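Taking my numbering, I'd label the letters of the sequence shown as residues 23 to 826.
Beta carbons: idealized from backbone N, C-alpha and C, even for Gly.
This one's a predicted model, so the numbers in the text were calculated from it and none came from an experiment.
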Amino acid sequence: MAKVKHNNFLDTVDEVITNATNAGVIHLQATGDALNGRHITINGKSAYHFGTTGYLGLEQDRRLKNAAKEAIEKYGTQFPLSKTYISHPLYAPLEEKIFEMYGHPILITKNSTLGHLAVIPTAVRYGDAVILDHQVHWSVQSATEVLKSKGITVRMIRHSNLEMLEHAIKALRNKARKIWYMADGVYSMYGDFSPLQDLMELSKKYSQLHLYIDDVHGMSWIGPHGTGYVMSVLKELPQNLLLFGTLSKTFGASGAVLVCPDKKLHQKIKNFGGPLTFSAQLEPASVAAATASANIHLSPEIYALQSELEQKINYFNHLVGLTDLPLVHTNSSPVFYIGTGRPATGYNFVKKMIDAGFFVNLGLFPAVPVKNTGVRITISRHNKLKDIKALVDAMTHYFPMAMAETHTDLSKIHKSFGMQQPKEHHTVATPFEELQLEYSHSIHQINKTEWDSCFCGKGTFDWDGLAFLEKVFTNNQLPEHNWGFHYITIKDQNARIILAAPLTSALLKNDMLSEVNTSKAIEELRIEDPYYMTDVALSLGSVFSEGAHLFLNDAHPKHLQATRLFLEKLEEIKTKVGAQFIMLRDFKKTNTLNTFLHEQGFIAIAMPDACELANLHWKSEDGYLNTLSKRSRKHFRKEIKAFENYFTLSIIKDPSPSEIDQFYGLFQQVWSNNLGINTFMFPKKLFVEMGKHQNWEFLVLKLNAEVKPSKKAIGVMFCTHSGGTYIPSLVGMDYDQNKKFNTYRQLLYQTIKRANELNCTKIDLGFSASFEKRKLGAQLTPKLAYIQADDNFSLEALDWLRKD
């Protein structure tokens, strides 16, 4: 019944990437007839290259180049045959050298993406379970999709959150044979490390725990024989750890390598790993270059190269330490991240740096949370010390300019990353002097006429509607039933309202707008932990209301300044109430704030379509039918009119306690059967207060005695009004009877008739079951929500918690 259109995460990513491309900071094209690692040419201008992942600069090493050229001359540009049949002559020497580096069985794959696709579905067996670190590389996450199709449980935890990891292990240990935790050794954005020692201690505590570590960003620049960060920490490869390294990036060639301590598993992967069997093998030039690089790794030279890079990393750390630049992590890795917070600041800063002759990478959603946009800087052996000094000088010069031009400051950036506040900072002057912000915790502190001038007729958030909600959702036993109420109005110097908004802070389910299968899987986990994957959110409106909660006079010359002031106040409230994210919702797709909100650190996600019926004031049933299409008229006669005489409709304004019990039971049936919009169950107090309030009425359907001799209601619509808008807010039904008598369709029709009788001008039919509502004449409006979260986990991780 209540089918809901959900957000497509790819559409969200597409919009973010498109905005960054339009800003001229990604999807750039290198030009020129040669590359040397130190410089790169962009838009015809040479820039110092601080964006490479070839940290040791081996891709420009003459020995690798010569080996590749010689291999092409001897063996051709490729060896077009599966390695399962036969390997070309250069493969065996390379495999021997890589084995010598690690001292364990290895497999070489075309690249890490295909490698993960080969290894993960073979290593993870039926009866196993997988836990993903939220920031583990996309190629690992993508490979686990295959597991879901086999019914293998795949869950996700927040980045390096060992408490959450242990919680997941405990939940799975009686259900799974092996529990695989998949993570990176060195993470590609912040350059932070996986907590390997803690993970090993955890694996001692839980013998089922196995580790799958992608260490491609830890390769070569650290570890014995350049075997990477994991080997530098653990020294020996544990039996419960599968390690992935790379022959590209810092290694200087192409391909990837699996290191497997289990010989039996190694043989299975070699025999059954799909891409290993069916994909083409590495080209002779790549194998030859990798062999030349392996020779360097097996020689003392690798430690000299590591030492040279380490000196440059230390130099960069020293120089940045003398500045106010917000370095998110002080790393010993060659990856650094300067936080900008808002995308607008990141775009501005990266553009300035490129124009000044320094190529750096923009870190943006979904690689990082949208509010944690920043600049990734990588240090390589190609960079001279004077280049590094020039880079830091340029950043020190341009960063304050980028902050000033995008209305932010160091304090805000540090706050967005959870960093310690700078000892001294200068707040950027913002043009708010002529604006007056008024903030209240209760609607009773606000002038009713003034508030309703903005919101009357728009939904259950006019003055009376909010007074009702305050009464219901305070002083309750359960935390999800106690909301904080926040009211903001911003006026100009003439006391004219530019912006007004009602907000609530409340405990919400992270999967509120997720696919039904996702919510079903999570609800199984909530049987033991009712608050699993829930967070406090600061939300425009509330989970009870729907409609245009933000009043904004966008014709006012200061409407953007007012919106910026509004967002700053939201940040202040969010911190005070301990919210995990801010959600601004129910915007039309054509709204004028889309680009502005993205630049301020919000991402847009599609909400279910809103349903509204405005074609009222017909005099008869025939008049109503004339508003419908031919197909909808046929549907009405067959599925609604044919059943109308089975029912008796009552309009109840003062229900008895027993009727409230009955109606609440019907609502519980609807709530438990519909996870399309997954909220906490509303308290019975809500329905008791509805029965006492003059604006609420209950449209109750009972079957006639000749149909079924029972006095019980089988359907109820809980309705209110705001101005000329009639609002059926919730519905309750006997599901068994709905299948026999089309109760829900009948309730919709009787609601439309009732609104017409009351001379309402519009019916706000809400979000769900839009297909059914459209057949009765409703117009659908696509809506967006804008979310700014402390991390991405609550936004896109939910698909990974689904069992197929």
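So, is residue i buried or exposed, given that buried needs 16 or more other C-beta atoms within 10 angstroms?
i	result
residue 333	exposed
residue 177	buried
residue 236	buried
residue 185	exposed
residue 604	buried
residue 536	buried
residue 160	exposed
residue 24	Confidence is the limiting factor: at residue 24 the pLDDT is only 47, short of 50, which leaves the residue's position unreliable, though a coordinate-based value still follows. Its Cβ being crowded by 16 or more others within 10 Å, residue 24 is buried.
residue 302	exposed
residue 826	For residue 826, the predicted structure reports a pLDDT of 33, less than 50, and the residue's modelled location is therefore unreliable. The matter cannot be settled from this model.
residue 128	buried
residue 423	exposed
residue 810	buried
residue 667	exposed
residue 210	buried
Can you check whether the C-beta of residue i is within less than 7 Å of a C-beta belonging to chain D?
i	result
residue 778	Judged by its chain identifiers, the structure shown contains no chain D, having just a single protein chain.
Measuring only the C-alpha atoms, how far is residue i from residue j?
i	j	result
residue 771	residue 747	16 Å
residue 325	residue 238	18 Å
residue 3	residue 706	Absent from the model: residue 3. The displayed extent of the chain is 23 to 826, so no value can be given.
residue 166	residue 319	32 Å
residue 795	residue 649	14 Å
residue 132	residue 625	35 Å
residue 50	residue 601	37 Å
residue 172	residue 539	15 Å
residue 534	residue 304	45 Å
residue 432	residue 394	13 Å
residue 330	residue 323	11 Å
residue 138	residue 282	13 Å
residue 425	residue 198	50 Å
residue 118	residue 203	29 Å
residue 784	residue 639	10 Å
residue 439	residue 47	22 Å
residue 722	residue 735	6 Å
residue 593	residue 312	50 Å
residue 606	residue 471	25 Å
residue 342	residue 708	56 Å
residue 306	residue 88	12 Å
residue 803	residue 233	47 Å
residue 150	residue 229	13 Å
residue 464	residue 492	8 Å
residue 778	residue 195	58 Å
residue 148	residue 206	24 Å
residue 584	residue 84	59 Å
Can you give me the start and stop residues for the beta strand (DSSP E) that residue i sits inside?
i	result
residue 204	201-206
residue 659	Residue 659 -> no beta strand (DSSP E), and no H or E assigned at all.
residue 744	735-744
residue 360	357-363
residue 511	506-513
residue 803	801-811
Starting from residue i, follow the alpha helix (DSSP H) in both directions and report where the run begins and ends.
i	result
residue 481	Here residue 481 belongs to no alpha helix (DSSP H), and DSSP marks it neither H nor E.
residue 586	581-599
residue 187	184-194
residue 793	792-797
residue 223	218-227
Meets three-Cβ-pair contact criterion under 8 Å: the stretch 765-782 and the stretch 737-747:
yes
Whether or not the stretch 504-522 and the stretch 558-575 are in contact is what I'm after, with contact meaning three or more pairs of Cβ atoms, one per stretch, closer than 8 Å; do they touch?
yes
Three or more C-beta pairs below 8 Å linking the stretch 239-252 and the stretch 96-115:
no
Flag this pair as touching only if the stretch 67-87 and the stretch 376-384 have three or more C-beta atom pairs under 8 Å; answer yes or no.
yes
Can you list, in chain order, the stretches of the beta strand (DSSP E) that have 3 or more residues and sit fully within the stretch 121-174?
128-131 and 151-155
Spell out a yes or no on whether the stretch 428-443 and the stretch 362-370 are touching, meaning 3 or more CB-CB pairs, one atom from each, closer than 8 Å.
yes
Are the stretch 149-167 and the stretch 284-295 touching, with three or more C-beta to C-beta distances below 8 Å?
no
Within the stretch 747-783, note down every full alpha helix (DSSP H) run reaching 4 residues or more, in order along the chain.
757-763 and 765-779
Counting pairs of Cβ atoms below 8 Å between the stretch 641-655 and the stretch 796-803, do you hit three or more?
yes
Taking only runs that begin and end inside the stretch 544-575, name each unbroken beta strand (DSSP E) of 3 or more residues, in chain order.
556-562
Which ranges does the beta strand (DSSP E) cover as unbroken runs of at least 3 residues, wholly within the stretch 365-414, from first to last along the chain?
383-385 and 395-400
Should the stretch 690-702 be regarded as contacting the stretch 752-769, the criterion being three or more beta carbon pairs within less than 8 Å?
yes
Does the count of Cβ pairs from the stretch 76-91 and the stretch 396-409 closer than 8 Å reach three?
yes
Start-end ranges of the alpha helix (DSSP H) lying completely within the stretch 248-320, minimum 4 residues:
251-256, 285-294, 296-300 and 306-319
Counting pairs of beta carbons, one from the stretch 456-468 and one from the stretch 580-596, are three or more of them closer than 8 Å?
yes
Residue ranges of each alpha helix (DSSP H) run of no fewer than 4 residues wholly in the stretch 61-120, ordered along the chain?
84-97
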